[in-house]
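Residue 380 in our numbering sits at position 224 of the sequence shown, with consecutive numbering throughout.
Even glycine gets a Cβ: it sits at the ideal position worked out from N, Cα and C.
What follows is a set of notes on a single structure, which appears directly below.
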Amino acid sequence: MTDSIANRAARATPTPVATRIRGLSDRAIAWIFVAPTIFLLLAINIFPLIWTIRLSFTNYRANRPNREVEWIGLRNYERILTDSDIWLTMQATAHFLFWTIFFQVLIGFTLAWLINRKFKGNDLWTTIIVLPMMLSPAVVGNFWTFLYQPQIGLFNYIVTWFTGAEASSFEMIGSVTLAPWAIVIVDTWMWTPFVMLICLAGLRSIPDYIYEAAAIDRASPWRQFWTITVPMVLPFLMLAVLFRGIENFKMFDLVVQLTGGGPGSITELTSINLKREAFEKWRTGYASAYAIILFVTVFGLASIYVKALNRVKER
157 MTDSIANRAA
167 RATPTPVATR
177 IRGLSDRAIA
187 WIFVAPTIFL
197 LLAINIFPLI
207 WTIRLSFTNY
217 RANRPNREVE
227 WIGLRNYERI
237 LTDSDIWLTM
247 QATAHFLFWT
257 IFFQVLIGFT
267 LAWLINRKFK
277 GNDLWTTIIV
287 LPMMLSPAVV
297 GNFWTFLYQP
307 QIGLFNYIVT
317 WFTGAEASSF
327 EMIGSVTLAP
337 WAIVIVDTWM
347 WTPFVMLICL
357 AGLRSIPDYI
367 YEAAAIDRAS
377 PWRQFWTITV
387 PMVLPFLMLA
397 VLFRGIENFK
407 MFDLVVQLTG
417 GGPGSITELT
427 SINLKREAFE
437 KWRTGYASAY
447 AIILFVTVFG
457 LASIYVKALN
467 RVKER
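Encoded structure:
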């Protein structure tokens, strides 16, 4: 039946069109199939970026579309780079980035190393550990907001059991000191399994004969760990840091559900601040310049980091 359909389609094709198709190279045919997808990606990604760059040089406000738009040059960029509040949000973001990545790499690598030993119940524990990263950030935010409640939340009672402090004597998401650590704890709980899986892939890619050769040379387990395991897993660790760094730099939904950027603005990350400038204060041109600065920052740092990652792979 397939042959008959193909034959009918071939007979129905006009001779000039069939001749042209037969004259096309494989490369040209490949471009014909790929071109619609490329065009769609350009329309979705490139056009909004160009439009945002254009708006960043104006005083455009989306809630006043009929207002005359003025070309103000680099004034938006100058105001952003000299705004002390912007730098405070950058500090909050840097604090969040550093500690979440630090704990996720440390705990994730430790869990991967333990699971790689293939003990009894290995698969069951791997599945349980991976569960948090399968949940929606909005669900996780609501779930941990309940756990952080000082009167009925389980988290405070666990801390009380270990430290002896009164459960109602501190509030994680309502304290200026503890709120940044509250979102670090939740993000670490949710995304450590992701880092663990990448590290586990790195550990299982190391051939057993390397350890056997090291054992023959009488290398201690500690020496094998530092001279074999760490160097060979390092590219995977760096890849995990890259992924988590990019994702956490634009973290929004989880923090909004937990603290909303508060108390005050102590947990107001750059993504939350950008949303307020664009959709609460309606300074669209200013927010566009803000978004371009963040894009250039992430793209520049990621490019430098990828070069370092490639050098590590080549060793």
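For residue i, tell me which candidate among the options has the shortest Cα-Cα distance.
i	options	result
Leu334	Phe399, Val295, Thr423 and Gln413	Thr423
Ser325	Tyr304, Ala294 and Glu368	Tyr304
Met346	Trp382, Ser361, Ala357 and Val411	Val411
Ser444	Phe189, Leu280 and Thr214	Thr214
Cys355	Glu368, Val386, Asp373 and Thr208	Val386
Ala248	Val389, Arg235, Asn429 and Thr344	Asn429
Thr245	Ser427, Ile285 and Arg231	Ser427
Arg235	Ser212, Phe252 and Leu253	Ser212
Pro391	Thr319, Tyr365, Ser361 and Leu196	Ser361
Gly229	Arg210, Lys431 and Asp343	Arg210
Gly416	Gly297, Asn278, Arg183 and Trp243	Gly297
Val389	Ile284, Pro363 and Ala321	Pro363
Ser421	Leu237, Trp378, Trp243 and Leu198	Trp243
Asp343	Ile188, Glu470 and Arg400	Arg400
Gly358	Ser376, Pro377 and Leu393	Leu393
Tyr237	Arg223, Ser376 and Thr453	The displayed chain sequence assigns Leu, not Tyr, to residue 237. Here the closest residue by C-alpha is Thr453.
Ala250	Leu425, Asn278, Ser459 and Phe203	Leu425
Pick helix, strand or coil for residue i, following the three-state DSSP scheme.
i	result
Thr158	Caution is warranted here: a pLDDT of 47 is assigned to Thr158, below 50, making its placement in the model unreliable, and the coordinate value is therefore given only provisionally. Residue state, collapsed to three classes: helix.
Thr214	strand
Trp438	coil
Tyr304	coil
CA-CA distance, residue i and residue j?
i	j	result
Thr316	Met328	13 Å
Ile341	Leu414	11 Å
Tyr233	Ala323	46 Å
Glu433	Trp269	44 Å
Arg439	Tyr446	10 Å
Leu465	Trp227	41 Å
Val468	Ile271	25 Å
Asn442	Ile448	Checking the sequence shown, residue 442 turns out to be Tyr, not Asn. The alpha-carbon atoms of Tyr442 and Ile448 are separated by roughly 10 Å.
Ser240	Leu205	26 Å
Leu287	Leu395	21 Å
Leu291	Ala186	39 Å
Pro336	Arg374	47 Å
Tyr216	Val225	5 Å
Thr283	Phe311	23 Å
Ala318	Pro306	Looking at the sequence provided, one finds Phe at residue 318 rather than Ala. C-alpha separation (whole angstroms): 16 Å.
Lys437	Phe451	21 Å
Ile285	Asn219	46 Å
Gly456	Thr208	18 Å
Ala321	Val332	19 Å
Arg183	Leu198	21 Å
Asn201	Lys431	19 Å
Leu280	Phe435	45 Å
Val295	Ile188	43 Å
Ser376	Arg273	17 Å
Lys463	Arg231	33 Å
Arg471	Arg223	58 Å
Ile459	Leu196	For the sequence presented, residue 459 should be read as Ser rather than Ile. For Ser459 and Leu196, the distance between alpha carbons rounds to 25 Å.
Gly277	Met289	20 Å
With distances taken between CB atoms, is the gap from residue i to residue j smaller than 8 Å?
i	j	result
Asp409	Pro221	no
Tyr313	Leu398	no
Gly309	Phe299	no
Pro419	Gly330	yes
Phe275	Ile339	no
Gln380	Tyr367	yes
Ala370	Ile384	yes
Below 8 Å, how does it come out for the stretch 259-272 and the stretch 333-351: are there three or more Cβ pairs, yes or no?
yes
Does the stretch 243-257 come close enough to the stretch 395-414 to have 3 or more Cβ pairs within less than 8 Å?
yes
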